[in-house]
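So that you can map any letter, position 24 of the sequence shown is 204 in our numbering, and since no number is skipped, the others follow by simple counting.
Where is the CB? At the ideal position from N, CA and C, for every residue including glycine.
Report on the structure given below.
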Amino acid sequence: MMKNKSYRKKKLIESCLCIFAAVLIAIVVLYPFCWVLSTALKNDTELFIYPPKLIPGEILWSNFAKAWTLIDFPRSFLNSFIVSVPTALLTVLVCSMAAYALTRMKFRHATLVFFIYLSTMMVPMVVRLIPSFILIKNLNLMNRYLGLILPLTAWSIPFGTFLIRQFFIGIPKELNEAAYVDGAGDFQIFSRIILPNAVPGMLTLGVYVFLQSWNNLLWPLVALNKEEMYPVTLAMASLTGPSVEFIPPWNEVMAATIISVLPILILYLFLQKYFIQSVTLSGVKG
181 MMKNKSYRKK KLIESCLCIF AAVLIAIVVL YPFCWVLSTA LKNDTELFIY PPKLIPGEIL
241 WSNFAKAWTL IDFPRSFLNS FIVSVPTALL TVLVCSMAAY ALTRMKFRHA TLVFFIYLST
301 MMVPMVVRLI PSFILIKNLN LMNRYLGLIL PLTAWSIPFG TFLIRQFFIG IPKELNEAAY
361 VDGAGDFQIF SRIILPNAVP GMLTLGVYVF LQSWNNLLWP LVALNKEEMY PVTLAMASLT
421 GPSVEFIPPW NEVMAATIIS VLPILILYLF LQKYFIQSVT LSGVKG
(Lines of atoms letter the chains of each structure in order from A and count residues from 1; the text may use other names and numbers.)
(Lines give C-alpha, C1' and ligand atoms only; values in the text may rest on other atoms or scores of the structure.)
Protein backbone atom coordinates (compact mmCIF):
# COMPACT_ATOMS: atom_id res chain seq x y z
CA MET A 1 0.00 0.00 0.00
CA MET A 2 2.77 2.43 0.90
CA LYS A 3 4.57 1.64 -2.32
CA ASN A 4 1.42 2.39 -4.34
CA LYS A 5 0.95 5.72 -2.60
CA SER A 6 4.59 6.59 -3.14
CA TYR A 7 4.33 5.65 -6.81
CA ARG A 8 1.15 7.72 -7.31
CA LYS A 9 2.77 10.69 -5.57
CA LYS A 10 5.81 10.38 -7.80
CA LYS A 11 3.66 10.24 -10.94
CA LEU A 12 1.67 13.25 -9.75
CA ILE A 13 4.84 15.27 -9.22
CA GLU A 14 6.14 14.26 -12.66
CA SER A 15 2.84 15.26 -14.27
CA CYS A 16 2.85 18.63 -12.52
CA LEU A 17 6.44 19.27 -13.60
CA CYS A 18 5.60 18.37 -17.20
CA ILE A 19 2.58 20.67 -17.19
CA PHE A 20 4.62 23.48 -15.68
CA ALA A 21 7.36 23.03 -18.29
CA ALA A 22 4.79 22.96 -21.11
CA VAL A 23 3.12 26.14 -19.87
CA LEU A 24 6.49 27.87 -19.48
CA ILE A 25 7.56 26.92 -23.01
CA ALA A 26 4.18 28.05 -24.38
CA ILE A 27 4.57 31.44 -22.68
CA VAL A 28 8.10 31.87 -24.07
CA VAL A 29 6.96 30.94 -27.59
CA LEU A 30 3.69 32.91 -27.63
CA TYR A 31 4.89 36.10 -25.91
CA PRO A 32 6.58 37.57 -29.03
CA PHE A 33 3.42 36.98 -31.06
CA CYS A 34 1.30 38.62 -28.36
CA TRP A 35 3.66 41.59 -28.33
CA VAL A 36 3.44 41.93 -32.13
CA LEU A 37 -0.37 41.90 -31.94
CA SER A 38 -0.30 44.40 -29.07
CA THR A 39 1.96 46.75 -31.03
CA ALA A 40 -0.26 46.41 -34.11
CA LEU A 41 -3.27 47.62 -32.10
CA LYS A 42 -1.59 50.64 -30.44
CA ASN A 43 -1.76 54.27 -31.48
CA ASP A 44 1.38 56.24 -32.34
CA THR A 45 1.68 57.69 -28.83
CA GLU A 46 1.61 54.36 -27.00
CA LEU A 47 4.42 52.94 -29.11
CA PHE A 48 7.12 54.73 -27.12
CA ILE A 49 5.71 55.07 -23.61
CA TYR A 50 7.72 53.66 -20.70
CA PRO A 51 7.12 51.26 -19.14
CA PRO A 52 5.58 49.59 -22.18
CA LYS A 53 2.10 48.09 -21.88
CA LEU A 54 1.10 44.74 -23.33
CA ILE A 55 -2.59 45.68 -23.44
CA PRO A 56 -3.07 48.97 -25.31
CA GLY A 57 -5.26 51.64 -23.78
CA GLU A 58 -6.94 52.28 -27.13
CA ILE A 59 -7.38 49.44 -29.61
CA LEU A 60 -7.02 50.63 -33.21
CA TRP A 61 -8.16 48.02 -35.73
CA SER A 62 -7.72 50.68 -38.39
CA ASN A 63 -3.99 49.98 -38.33
CA PHE A 64 -4.67 46.80 -40.29
CA ALA A 65 -6.49 48.78 -42.99
CA LYS A 66 -3.53 51.16 -43.22
CA ALA A 67 -1.08 48.25 -43.25
CA TRP A 68 -2.88 46.68 -46.22
CA THR A 69 -1.91 49.70 -48.33
CA LEU A 70 1.78 49.69 -47.37
CA ILE A 71 2.64 47.04 -49.96
CA ASP A 72 0.77 45.28 -52.75
CA PHE A 73 -0.38 42.36 -50.60
CA PRO A 74 -2.53 40.63 -53.27
CA ARG A 75 0.35 40.57 -55.74
CA SER A 76 2.89 39.57 -53.07
CA PHE A 77 0.66 36.74 -51.82
CA LEU A 78 0.17 35.55 -55.39
CA ASN A 79 3.92 35.55 -56.02
CA SER A 80 4.54 33.59 -52.81
CA PHE A 81 1.89 31.01 -53.71
CA ILE A 82 3.20 30.66 -57.28
CA VAL A 83 6.64 29.87 -55.86
CA SER A 84 5.76 27.89 -52.73
CA VAL A 85 3.08 25.54 -54.09
CA PRO A 86 5.08 24.18 -57.08
CA THR A 87 8.19 23.94 -54.91
CA ALA A 88 6.31 21.80 -52.37
CA LEU A 89 4.70 19.58 -55.00
CA LEU A 90 7.91 19.07 -56.96
CA THR A 91 9.88 18.31 -53.80
CA VAL A 92 7.34 15.72 -52.63
CA LEU A 93 7.37 14.03 -56.05
CA VAL A 94 11.15 13.87 -56.40
CA CYS A 95 11.73 12.83 -52.78
CA SER A 96 9.08 10.11 -52.97
CA MET A 97 10.67 8.58 -56.05
CA ALA A 98 14.15 8.79 -54.50
CA ALA A 99 12.92 7.23 -51.26
CA TYR A 100 11.25 4.41 -53.18
CA ALA A 101 14.49 3.65 -54.99
CA LEU A 102 16.47 3.68 -51.75
CA THR A 103 14.08 1.41 -49.84
CA ARG A 104 12.51 -0.89 -52.45
CA MET A 105 14.89 -1.22 -55.39
CA LYS A 106 18.05 -3.28 -54.88
CA PHE A 107 21.21 -1.74 -56.29
CA ARG A 108 24.83 -1.53 -55.26
CA HIS A 109 25.96 1.16 -52.80
CA ALA A 110 22.41 2.20 -51.89
CA THR A 111 23.54 3.07 -48.38
CA LEU A 112 26.41 5.18 -49.73
CA VAL A 113 24.02 7.07 -52.00
CA PHE A 114 21.76 7.75 -49.02
CA PHE A 115 24.66 9.09 -46.94
CA ILE A 116 25.68 11.34 -49.83
CA TYR A 117 22.13 12.69 -49.80
CA LEU A 118 22.41 13.39 -46.08
CA SER A 119 25.85 14.95 -46.38
CA THR A 120 24.48 17.73 -48.62
CA MET A 121 22.33 18.87 -45.69
CA MET A 122 25.52 20.04 -43.97
CA VAL A 123 26.28 22.59 -46.71
CA PRO A 124 25.12 26.02 -45.41
CA MET A 125 22.70 27.97 -47.55
CA VAL A 126 25.07 30.92 -47.88
CA VAL A 127 27.60 28.59 -49.56
CA ARG A 128 25.02 27.61 -52.16
CA LEU A 129 24.03 31.16 -53.06
CA ILE A 130 26.84 32.11 -55.44
CA PRO A 131 26.82 28.84 -57.48
CA SER A 132 23.01 28.94 -57.64
CA PHE A 133 23.06 32.58 -58.71
CA ILE A 134 25.59 31.90 -61.47
CA LEU A 135 23.56 28.90 -62.63
CA ILE A 136 20.21 30.68 -62.93
CA LYS A 137 21.89 33.70 -64.51
CA ASN A 138 23.48 31.51 -67.19
CA LEU A 139 20.11 29.81 -67.74
CA ASN A 140 18.43 33.21 -68.11
CA LEU A 141 16.13 32.56 -65.15
CA MET A 142 16.69 35.81 -63.26
CA ASN A 143 13.42 37.53 -62.27
CA ARG A 144 11.45 34.42 -63.19
CA TYR A 145 9.40 32.09 -61.03
CA LEU A 146 11.34 29.07 -62.27
CA GLY A 147 14.55 30.67 -61.07
CA LEU A 148 13.10 30.68 -57.55
CA ILE A 149 11.39 27.28 -57.67
CA LEU A 150 14.24 25.07 -58.92
CA PRO A 151 16.92 26.06 -56.35
CA LEU A 152 14.44 25.95 -53.46
CA THR A 153 13.37 22.48 -54.59
CA ALA A 154 16.96 21.26 -54.89
CA TRP A 155 17.81 22.52 -51.40
CA SER A 156 14.79 20.71 -49.91
CA ILE A 157 15.46 17.32 -51.50
CA PRO A 158 18.01 15.90 -48.98
CA PHE A 159 15.84 16.37 -45.90
CA GLY A 160 12.69 15.46 -47.83
CA THR A 161 14.20 12.19 -49.02
CA PHE A 162 15.26 11.34 -45.48
CA LEU A 163 11.75 12.03 -44.11
CA ILE A 164 9.87 10.09 -46.80
CA ARG A 165 12.36 7.23 -46.57
CA GLN A 166 11.46 6.82 -42.89
CA PHE A 167 7.82 6.29 -43.87
CA PHE A 168 8.61 3.89 -46.69
CA ILE A 169 10.72 1.74 -44.34
CA GLY A 170 7.64 1.25 -42.16
CA ILE A 171 5.57 -0.09 -45.07
CA PRO A 172 5.85 -3.92 -45.17
CA LYS A 173 7.94 -5.20 -48.06
CA GLU A 174 5.54 -8.14 -48.36
CA LEU A 175 3.21 -5.76 -50.20
CA ASN A 176 5.84 -5.34 -52.90
CA GLU A 177 6.41 -9.07 -53.17
CA ALA A 178 2.67 -9.76 -53.46
CA ALA A 179 2.36 -7.08 -56.15
CA TYR A 180 5.32 -8.53 -58.10
CA VAL A 181 3.63 -11.93 -58.03
CA ASP A 182 0.47 -10.38 -59.48
CA GLY A 183 2.50 -8.89 -62.32
CA ALA A 184 2.72 -5.27 -61.15
CA GLY A 185 5.73 -3.18 -62.10
CA ASP A 186 7.66 -0.69 -59.99
CA PHE A 187 5.63 2.28 -61.17
CA GLN A 188 2.33 0.57 -60.32
CA ILE A 189 3.62 -0.47 -56.91
CA PHE A 190 4.92 3.03 -56.25
CA SER A 191 1.74 4.83 -57.30
CA ARG A 192 -0.93 2.38 -56.09
CA ILE A 193 0.57 0.79 -52.97
CA ILE A 194 3.40 2.85 -51.52
CA LEU A 195 2.12 6.39 -52.01
CA PRO A 196 -1.38 5.81 -50.52
CA ASN A 197 0.28 4.42 -47.37
CA ALA A 198 2.62 7.40 -47.02
CA VAL A 199 0.11 10.26 -47.30
CA PRO A 200 0.83 11.69 -43.81
CA GLY A 201 4.55 11.85 -44.54
CA MET A 202 4.04 13.49 -47.92
CA LEU A 203 1.63 16.03 -46.45
CA THR A 204 4.13 16.84 -43.73
CA LEU A 205 6.94 17.30 -46.22
CA GLY A 206 4.70 19.41 -48.43
CA VAL A 207 3.71 21.68 -45.53
CA TYR A 208 7.32 21.94 -44.34
CA VAL A 209 8.66 22.85 -47.79
CA PHE A 210 5.76 25.24 -48.38
CA LEU A 211 6.55 27.09 -45.14
CA GLN A 212 10.28 27.14 -45.90
CA SER A 213 9.66 28.55 -49.37
CA TRP A 214 7.09 31.06 -48.11
CA ASN A 215 9.43 32.35 -45.39
CA ASN A 216 12.58 32.38 -47.51
CA LEU A 217 14.01 35.87 -47.85
CA LEU A 218 17.65 35.39 -48.82
CA TRP A 219 17.17 33.64 -52.15
CA PRO A 220 14.49 36.02 -53.55
CA LEU A 221 16.76 38.87 -52.45
CA VAL A 222 19.50 37.42 -54.66
CA ALA A 223 17.41 36.22 -57.61
CA LEU A 224 14.98 39.15 -58.01
CA ASN A 225 15.31 42.84 -58.73
CA LYS A 226 11.86 43.59 -60.10
CA GLU A 227 9.38 44.81 -57.50
CA GLU A 228 6.38 43.20 -59.22
CA MET A 229 8.01 39.79 -58.66
CA TYR A 230 8.54 40.25 -54.92
CA PRO A 231 7.09 37.55 -52.65
CA VAL A 232 5.58 38.67 -49.38
CA THR A 233 8.83 38.26 -47.41
CA LEU A 234 10.80 40.52 -49.74
CA ALA A 235 7.93 43.00 -49.93
CA MET A 236 7.84 43.16 -46.12
CA ALA A 237 11.61 43.64 -45.98
CA SER A 238 11.30 46.58 -48.35
CA LEU A 239 9.26 48.45 -45.70
CA THR A 240 12.26 48.98 -43.42
CA GLY A 241 15.23 48.35 -45.71
CA PRO A 242 18.06 50.82 -46.30
CA SER A 243 16.59 52.00 -49.63
CA VAL A 244 13.09 52.73 -48.37
CA GLU A 245 12.02 56.37 -48.74
CA PHE A 246 9.35 56.36 -46.03
CA ILE A 247 9.49 54.22 -42.90
CA PRO A 248 5.91 53.65 -41.69
CA PRO A 249 5.01 53.64 -37.97
CA TRP A 250 5.85 50.41 -36.20
CA ASN A 251 2.22 49.71 -35.35
CA GLU A 252 1.43 49.56 -39.07
CA VAL A 253 4.53 47.46 -39.73
CA MET A 254 3.45 44.97 -37.05
CA ALA A 255 -0.06 44.88 -38.50
CA ALA A 256 1.43 44.14 -41.92
CA THR A 257 3.52 41.38 -40.33
CA ILE A 258 0.40 39.72 -38.92
CA ILE A 259 -1.32 39.94 -42.31
CA SER A 260 1.71 38.34 -43.98
CA VAL A 261 1.69 35.27 -41.70
CA LEU A 262 -2.06 34.60 -41.81
CA PRO A 263 -1.98 32.28 -44.88
CA ILE A 264 0.66 29.95 -43.42
CA LEU A 265 -1.02 30.05 -40.01
CA ILE A 266 -4.33 28.98 -41.53
CA LEU A 267 -2.59 26.26 -43.55
CA TYR A 268 -0.88 24.87 -40.47
CA LEU A 269 -4.10 24.88 -38.44
CA PHE A 270 -5.82 22.80 -41.10
CA LEU A 271 -2.96 20.31 -41.54
CA GLN A 272 -1.47 20.15 -38.05
CA LYS A 273 -2.87 16.68 -37.31
CA TYR A 274 -0.97 15.23 -40.28
CA PHE A 275 2.17 17.07 -39.22
CA ILE A 276 2.04 15.73 -35.65
CA GLN A 277 1.14 12.23 -36.85
CA SER A 278 4.03 12.11 -39.29
CA VAL A 279 6.58 13.34 -36.76
CA THR A 280 5.42 10.69 -34.30
CA LEU A 281 5.52 7.86 -36.83
CA SER A 282 8.81 8.82 -38.48
CA GLY A 283 10.51 8.99 -35.09
CA VAL A 284 9.91 5.34 -34.24
CA LYS A 285 10.87 3.71 -37.53
CA GLY A 286 14.35 2.46 -38.11
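inquiry  = Starting from residue 309, trace the alpha helix (DSSP H) in both directions and tell me its first and last residue.
reply    = Position 129 of the sequence shown, counted from the first residue, corresponds to residue 309. Per DSSP, residue 309 is one residue of the alpha helix (DSSP H) stretching across 305-318.
ask   = In or out: residue 208 buried (at least 16 other Cβ within 10 Å) or exposed?
value = Numbered from its first residue, the sequence shown carries residue 208 at position 28. With fewer than 16 other Cβ atoms within 10 Å, it is exposed.
Within 8 Å, strictly: CB atoms of residue 142 and residue 218 = Past the edges of the chain, shown from 181 to 466, lies residue 142, and the structure says nothing about it.
query = Should residue 220 be labelled buried (16 or more other beta-carbon atoms within 10 Å of its own) or exposed?
reply = For this step, residue 220 is matched to residue 40 along the sequence shown. Here residue 220 is buried. Its C-beta has 16 or more other C-beta atoms within 10 Å.
inquiry  = Is it the case that the stretch 235-247 contacts the stretch 427-435, given that we only count it when at least three CB pairs across the two stretches are under 8 Å?
reply    = Between the stretch 427-435 and the stretch 235-247, the count of Cβ pairs shorter than 8 Å is three or higher; the stretches touch.
ask   = Under 8 Å between the Cβ atoms of residue 381 and residue 344?
value = Within the sequence shown, residue 381 is the residue found at index 201, counting from 1. Within the sequence shown, residue 344 is the residue found at index 164, counting from 1. Cβ atoms of residue 381 and residue 344: closer than 8 Å.
Residue burial classification, residue 469 (beta-carbon count within 10 angstroms, cutoff 16) = Because the chain is modelled from 181 through 466, residue 469 falls outside the range shown and cannot be assessed.
request  = Since I believe residue 389 is in contact with residue 309 (beta carbons under 8 Å), could you give me their beta-carbon distance rounded to a whole number of angstroms?
outcome  = As a position in the sequence shown, residue 309 is number 129, starting the count at 1. As a position in the sequence shown, residue 389 is number 209, starting the count at 1. In fact, because the Cβ distance is near 19 Å, the residues do not count as touching under 8 Å.
query = To which residues of the same chain is residue 415 closer than 6 Å at the C-beta, ignoring the five residues directly before and after it?
reply = As a first step, residue 415 must be located in the sequence shown, where it is residue number 235. Excluding sequence positions up to five before and after residue 415, its CB lies within less than 6 Å of the CB of 251 and 256, all in the same chain and listed in chain order.
request  = Compute the Euclidean distance between the alpha carbons of residue 315 and residue 378, then round it to the nearest angstrom.
outcome  = Your numbering for residue 315 matches position 135 in the sequence shown. Your numbering for residue 378 matches position 198 in the sequence shown. So the alpha carbons of these two residues sit roughly 34 Å apart.
ask   = Thinking C-alpha only, which one of 449, 237, 274 and 211 is nearest residue 338?
value = As a first step, residue 338 must be located in the sequence shown, where it is residue number 158. Measuring from the Cα of residue 338, the nearest candidate turns out to be 274.
task = Express the C-alpha separation of residue 369 and residue 376 in angstroms, rounding to a whole number.
result = Locating residue 376 in the sequence shown gives position 196, where the first residue counts as 1. Locating residue 369 in the sequence shown gives position 189, where the first residue counts as 1. Distance from the CA of residue 376 to the CA of residue 369, rounded to the nearest whole angstrom, comes to 10 Å.
ask   = Where does the unbroken alpha helix (DSSP H) through residue 337 begin, and where does it stop?
value = As a working note, residue 337 is residue 157 in the sequence shown. From DSSP, the alpha helix (DSSP H) with residue 337 extends over 325-349.
key: Cβ-Cβ distance between residue 355 and residue 373 below 8 Å   = Locating residue 355 in the sequence shown gives position 175, counting from the first residue. Locating residue 373 in the sequence shown gives position 193, counting from the first residue. The answer is yes: Cβ separation under 8 Å.
inquiry  = Assuming residue 381 is part of the alpha helix (DSSP H), what are its boundary residues?
reply    = For this step, residue 381 is matched to residue 201 along the sequence shown. Note, residue 381: alpha helix (DSSP H), 379-395.
key: Rounded separation between residue 242 and residue 400 - CA only   = Taking the first residue of the sequence shown as 1, we reach residue 242 at position 62. Taking the first residue of the sequence shown as 1, we reach residue 400 at position 220. In a straight line, the C-alpha of residue 242 is about 31 Å away from that of residue 400.
request  = Name the two residues that bound the continuous alpha helix (DSSP H) containing residue 405.
outcome  = Indexing the sequence shown from 1 puts residue 405 at position 225. Looking at the DSSP string, residue 405 is not in any alpha helix (DSSP H), and its letter there is neither H nor E.
task = For residue 265, I'd like the list of residues in its chain whose CB is within less than 8 Å of its CB, leaving aside the five on either flank, ordered along the chain.
result = Here residue 265 is taken as the residue at index 85 of the sequence shown, counted from 1. When the five nearest sequence neighbours on each side are left out, the beta carbons in the same chain lying within less than 8 Å of the beta carbon of residue 265 are those of 390, in order along the chain.
ask   = Can you tell which of 404, 357 and 394 has its C-alpha closest to the C-alpha of residue 323?
value = What you label residue 323 is simply residue 143 of the sequence shown in a count that begins at 1. The option with the nearest alpha carbon to residue 323 is 404.
inquiry  = Along the chain, where does the alpha helix (DSSP H) containing residue 246 start, and where does it finish?
reply    = For the purposes of this step, residue 246 is taken as residue 66 along the sequence shown, with counting starting at 1. Residue 246 -> alpha helix (DSSP H) spans 242-248.
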